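A.B. asks:
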Amino acid sequence: MDHFPYRDRDLYCEGIPAFELAERFGTPLYVYSTAALVGRLEELHTAFAELNPLVCYSVKANSNLGLLKLMAGHGSGFDVVSGGELHRVLRAGGDPGRTVFAGVGKTDDEIRDALRLGVMLFNVESEAELEAIDAVAKAEGVKAPIALRVNPDVDPKTHRYISTGKKESKFGMDIDRALRAAESVRGREGLAMTGLHMHIGSQITSTEPYARAAAKAAELIDRLRGMGHDLRWCNMGGGFGIDYRGGESKPIASFAEVMVPRLKPTGCRLAMEPGRSIAGNAGILLSRVIFTKQSGDKRFVIQDAAMNDLIRPALYEGFHRIWPARVPEGVPSWPDDFEAAIPGTEPRDVVGPVCESGDFLARDRHLPPLHRGDLLATFSAGAYGMVMASNYNTRPRAAEVLVDGENARLVRRRETIDDLIGPELVGLEG
Ligand code: LLP
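32 is the number of the first residue of the sequence shown in the numbering used here; add one for each residue after it.
1) Which residues mark the beginning and the end of the beta strand (DSSP E) in which P176 is found?
2) Any heavy atom of the ligand LLP closer than 6 Å to the beta-carbon of G416?
3) Any heavy atom of the ligand ATP closer than 6 Å to the Cβ of R307?
4) So what's T323 in DSSP terms, helix, strand or just coil?
5) From A336 to E214, what distance separates their C-alpha atoms?
6) Which residues does DSSP list as the beta-bridge partners of L301?
7) In the structure shown, what three-state DSSP assignment does M204 receive?
8) Can you tell me the Cβ-Cβ gap for E116 and K91, rounded? I've got them flagged as a contact below 8 Å.
9) Please list, in chain order, all residues of the same chain as F369 whose beta carbon is under 6 Å from its beta carbon, the five residues on each side excluded.
10) Mind checking which residues open and close the beta strand (DSSP E) that includes V431?
11) Below 8 Å on the Cβ atoms is my guess for I235 versus G270; work out the distance and round it to an integer in Å.
12) Let me know the beta strand (DSSP E) ranges lying completely inside the region 106-190, each 3 residues or longer, listed in chain order.
13) Counting along the chain, where does the beta strand (DSSP E) carrying R403 start and finish?
14) According to the neighbour-count rule (16 or more other Cβ atoms, all chains shown, within 10 Å of its Cβ), is Q334 buried or exposed?
15) Just list the residues that DSSP pairs A244 with in beta bridges.
16) Straight-line CA distance for F510 to A168?
17) If we ignore side chains and look at the alpha-carbon of each, how far apart do L161 and F286 end up?
18) How about the region 426-446 and the region 103-111: do they share at least three Cβ pairs that are nearer than 8 Å?
19) Would you list, in sequence order, the uninterrupted alpha helix (DSSP H) runs of no fewer than 4 residues that lie entirely inside the region 331-385?
20) If you draw a straight line from the C-alpha of E288 to the C-alpha of S280, how long is it?
21) Can you tell me where the alpha helix (DSSP H) with T77 in it begins and where it stops?
22) Could you tell me the distance, in whole angstroms, from the CA atom of A408 to the CA atom of A393?
23) Taking the alpha helix (DSSP H) that V457 falls in, what are its first and last residues?
24) Suppose you measure from the CA of Y37 to the CA of T447; what does that come to, to the nearest Å?
25) Under 6 Å from any heavy atom of the ligand LLP, does the C-beta of G270 make it?
26) I want to check one thing, is the minimum distance from the CB of E304 to the heavy atoms of the ligand LLP below 6 Å?
27) Is R343 near the ligand LLP, with its Cβ less than 6 Å from a heavy atom?
28) For the alpha helix (DSSP H) that R8 lies in, which residues bound it at each end?
29) CB-CB under 6 Å to C44, same chain, minus the five flanking residues each way: which ones, in chain order?
30) With distances taken Cα to Cα, identify the nearest neighbour of D186 among S237, R129 and E141.
31) What is the rounded straight-line gap between the Cα of M204 and the Cα of R71?
32) Whose C-alpha, out of D450, M417, R143 and G453, is nearest the C-alpha of L317?
33) Under the rule that 16 or more other beta-carbon atoms within 10 Å means buried, what is L341, buried or exposed?
34) Just to confirm, does A287 get its C-beta within under 6 Å of one of the non-hydrogen atoms of the ligand LLP?
35) Is V382 near F331, with beta carbons less than 7 Å apart?
36) Secondary structure at S285, three-state DSSP: helix, strand or coil?
The following block contains the structure:
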């Protein structure tokens, strides 16, 4: 969280104190750092430079138009999984010719749209999808550029909900099926196989699964070329893990170290689809304490961000560091270990106002004494935070702010109750 330092016990995002942002824009508030986003993108470009990489930022991680515009402006391509995400890319000034389109359930309308816009590659997940893309492309009088999504059957050793590269996954095809599918592509007028795609999972903190996947990709590229396919792209997906607790992730360069030598001999350009590794630690969620409460031996901090704002703890038991935005005297400004008993703290559950026992951001977390109105920061919230937010309990979604040095720009206003109930008024006419 390099761009979220504590100075004199106050949390900053780049050059702006968090409490100023909270006062100006209200809470709950997502705050993103431009320097962190651009820095990570550049780190990826540098680490994989030998493979002439195209970073296709994975829009699903954080699809705010302000972020997408920033990414596009710094040379990023995009990875989209729906017609909706593709239109976000267009709105943000992104280039469809540098955009890959993935997803197991593309509709004919989405395929047609993507073809007309000229996407760079369709990541194809099944034989049925090959047929559908072929048919739509023929009707449009074009050849669709495709990459088969292959499951290399490596275990990425991550949470089972976000592991995708194993044989028994709804995504992609195993190697034998992919080879058979590749045979069938040769006879199809509407398809040109110009790439290979793999994505083995998300929040992967070990380099070993990437080494194995890259080796399998290189071998497969040879075989596909042997069938006459003109493969130019090797898309290795996303998945690089980040620090949620601190110290568990690896630098991007160490993933490059195992992948580059295995992929270089193929002569393919590398495409990749990182989401979390770009946006995850470029964002925090600010919230204010509403009440504190004790039930039996348990102490609760009830604050204004809830599971509808950040669902990762409830859904994946995701761990996010949480710390006051203004740290009281006698307590470390940034503890080395957020799971330890930190001096001056006591364990509390950090919960939201939603009516579910699963509505928590943290459990038994050591925190300093907190009071009504205190500001809390939940870290590593830039990816899979706001994009997974809902309106459960008719809660308007949070505002989002993009900070650049001393400037803060509102990139999504806070929703109003009218935003939420507007579409329903349709049924109440007359
Ligand atoms: N490419 C494909 C085909 C994917 O399925 C994903 C993520 C990515 C790229 C981007 O992966 P990343 O670099 O962000 O790890 N909501 C979950 C994560 C779901 C990931 C889904 N696919 C979470 O909050 O942990």
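Glycine included, each C-beta is placed from N, C-alpha and C at the ideal position. Being a predicted model, the structure only gives us computed values, none of them experimental.
C.D. replies: A quick look at the data gives this:
1) A175 to N182
2) In this structure, the C-beta of G416 stays at least 6 Å away from each heavy atom of the ligand LLP.
3) The ligand ATP is not among the ligands present in this structure, which contains only the ligand LLP.
4) DSSP places T323 in strand when its eight states are reduced to three.
5) 52 Å
6) C265
7) strand
8) 7 Å
9) R352
10) Strictly speaking, residue 431 in this sequence is Glu, with Val absent from that position. Start and end: A430 to D435.
11) 5 Å
12) 108-111, 130-132, 152-155 and 175-182
13) No beta strand (DSSP E) holds R403; DSSP gives it neither H nor E.
14) buried
15) Note: A244 sits in no beta bridge, so no partner.
16) Outside the shown range of the chain (32 to 461) lies residue 510, about which nothing can therefore be said.
17) 31 Å
18) no
19) 343-347
20) Linking E288 to S280 through their CA atoms gives a straight-line distance of about 15 Å.
21) T65 to A78
22) 12 Å
23) Run containing V457: none; DSSP gives neither H nor E here.
24) 32 Å
25) yes
26) yes
27) At a threshold of 6 Å, R343 counts as near the ligand LLP, since its beta carbon sits closer than that to one of the ligand's heavy atoms.
28) A question about residue 8 goes unanswered here, because the residues of the chain that appear run from 32 up to 461.
29) Cβ neighbours of C44 beyond the five flanking positions: F35, V62, S64 and V434.
30) S237
31) 31 Å
32) M417
33) buried
34) No, the ligand LLP has no heavy atom inside 6 Å of this Cβ.
35) Going by C-beta atoms, V382 is nearer than 7 Å to F331.
36) helix
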